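Undergrad: In short: position in the sequence shown from 1, add 5, done, that's our numbering. Backbone N, C-alpha and C fix where the C-beta goes; we use that ideal spot for every residue, glycine too. Quantities reported herein were computed from a predicted structural model and do not represent experimental measurements.
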Amino acid sequence: MSLSDSDVKKVAKLARIAISDDDVPHLKNELNGILSWIEQLQEVDVDGVEAMTSSVDVSLPMRDDVCAEGYTGGGQPENVTRNAPKTEDHFFVVPKVVE
Numbered sequence: 006m007s008l009s010d011s012d013v014k015k016v017a018k019l020a021r022i023a024i025s026d027d028d029v030p031h032l033k034n035e036l037n038g039i040l041s042w043i044e045q046l047q048e049v050d051v052d053g054v055e056a057m058t059s060s061v062d063v064s065l066p067m068r069d070d071v072c073a074e075g076y077t078g079g080g081q082p083e084n085v086t087r088n089a090p091k092t093e094d095h096f097f098v099v100p101k102v103v104e
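(1) Can you tell me whether DSSP reads Thr92 as helix, strand or coil?
(2) Relative to the C-alpha of Ser108, which candidate in Asp28, Glu44, Val63 has its C-alpha closest?
(3) In its own chain, which residues sit with a C-beta less than 7 Å from the C-beta of Ser41, not counting the 5 before and 5 after it?
(4) I'd like the span of the alpha helix (DSSP H) that includes Ser41, first residue to last.
If you want it as structure tokens, here you go:
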């Protein structure tokens with residue numbers, strides 16, 4: 006697969022990166038190299054290979070999930086909201102962001 010100059014400009018626009026016309030040939034070579042490498046990876050036979058999240062088999066220690074007083078309401082809403090810049094009736098007051 007080979008990208009054209011217009012493809013490179015479109016990718017830059019989608020990534021919100023401003024590029025000059027002088028940068029297009031260099032970026033085109035870079036992106037074509039990346040796509041070539043991806044094509045090589047697609048040729049690798051991975052049938053029967055189990056998916057993994059890490060190359061090292063590690064299990065993290067787990068702790069008991071215990072609620073602490075103050076986080077469940079516990080009759081202490083003033084402690085939960087005391088550092089908030091603005092509160093009303095023990096609720097956080099934030100600016101409206103959706104019309």
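TA: Short version:
(1) It is a strand residue.
(2) No answer is possible for residue 108: the residues shown for the chain start at 6 and end at 104.
(3) For Ser41, there are no CB contacts under 7 Å within the same chain when 5 residues up- and downstream are skipped.
(4) Under the DSSP assignment, Ser41 falls in the alpha helix (DSSP H) whose first and last residues are 29-47.
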